[in-house]
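Engineer: Numbered per full-length UniProt numbering, the sequence shown spans residues 1 to 265. Yeah, the Cβ is synthetic: ideal placement off N, Cα and C, and Gly gets one too. Quantities reported herein were computed from a predicted structural model and do not represent experimental measurements. Here it is, the structure, as structure tokens.
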Amino acid sequence: SKRSEYAGGCAGMCVDLTLFPLDTIKTRLQSQQGFYKAGGFRGIYAGVPSAAVGSFPNAAAFFVTYDCTKSLLGAGGVLAAPHVAPVTHMLAASLGEIVACLIRVPTEVVKQRTQASPSFTTYHMLLATLREEGVRGLYRGYGSTVLREIPFSLVQFPLWEYLKTLWSLRQGHTLYSWQAAVCGAFAGAVAAFVTTPLDVAKTRIMLAKAGSTTASGNIPLVLYDVWKSRGLTGLFAGSIPRVTFISVGGFIFLGAYEKVRRTLL
């Protein structure tokens, strides 16, 4: 478990920082005021300190919870059967997300707000959020983040495990790290695209003015608003940078995760 949290943490941090500009572009595409008013291509690393601080503990928390849950559930009786494995992976991934979001959400709120108003520094944005809304403000959008992450994990992890099994059966031996990573990238891309509308809702909720209806975090309402004003393109705003970020990220992340884990074994 110590091994996997270190592997997960290192891999997560590499990805978040390398692909940060894509994330900024995505946030600005999804913001209420639109891409150019939110900063366009300027200050593309706005909010990076927040991502850097949150990245390692967030990924570590996920993998510790994921691995522990998987071994706990897999150890005893009913859930140990091979055909129930996807259920175990789903439960483990969902729990992993709920725990990881305790760290992810505050860093995400500060990061996204800084990305959408690049004239502020990360530190000023943190202070402004605390001043206006207190610690609760830092957890604005916790529900929508978990709600985005769980369907994402429910698609990504079972699909990842399935593709790995399929490929290893076909070639008659276990996969190399890079092959596991290719499966991860593909699974991530599919999951990323499907869950983009939930991601748009989360971005809108985190960026909304304190006290506005959007800020209250009613996801169906936010989605309906986006649909009314921008149609289907609005619901899938930022899907290209999101899919790119997650598939390239998934490749590096899961590849590095498998590699570090095997090296440390």
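1. Output the residue ranges of the alpha helix (DSSP H) runs that lie fully inside the stretch 107-194 and measure 4 residues or longer, sorted by chain position.
2. Have a look at 156, 146 and 49 and flag the residue whose alpha-carbon is nearest the alpha-carbon of residue 254.
3. Let me confirm a value: residue 153 is counted as buried when at least 16 other C-beta atoms fall within 10 Å, else exposed. Which label applies?
4. Can you tell me the Cα-Cα spacing of residue 88 and residue 96, whole angstroms?
5. Terminal residues of the continuous alpha helix (DSSP H) containing residue 55?
6. Residue 302 and residue 104: beta carbons closer than 8 Å?
7. Just mark residue 210 as buried or exposed, buried being the case when its beta carbon has 16 or more other beta carbons within 10 Å.
8. So, for residue 106: in the same chain, excluding its five sequence neighbours on each side, which residues have a beta-carbon less than 6 Å away from its beta-carbon?
9. Could you tell me if residue 208 is buried or exposed, where buried requires 16 or more neighbouring beta carbons within 10 angstroms of its beta carbon?
10. Given that a residue counts as buried once 16 or more other Cβ atoms are within 10 Å of its Cβ, and exposed if not, what is residue 243?
11. In three-state DSSP terms, what is residue 236?
12. CB-CB under 7 Å to residue 219, same chain, minus the five flanking residues each way: which ones, in chain order?
13. Return helix, strand or coil for residue 212, following the three-state DSSP convention.
14. Are the CB atoms of residue 158 and residue 57 nearer to each other than 8 Å?
15. For residue 38 versus residue 116, is the C-beta spacing smaller than 8 Å?
16. Taking all protein chains shown into account, do 16 or more other C-beta atoms lie within 10 angstroms of the C-beta of residue 212, making it buried, or fewer, making it exposed?
Structural biologist: Working from what's here:
1. 122-138, 142-171 and 177-194
2. 156
3. buried
4. 12 Å
5. 48-75
6. Outside the displayed span of the chain (1 to 265) sits residue 302, for which this structure offers no information.
7. exposed
8. 138
9. buried
10. buried
11. coil
12. 144, 147 and 201
13. coil
14. no
15. yes
16. exposed
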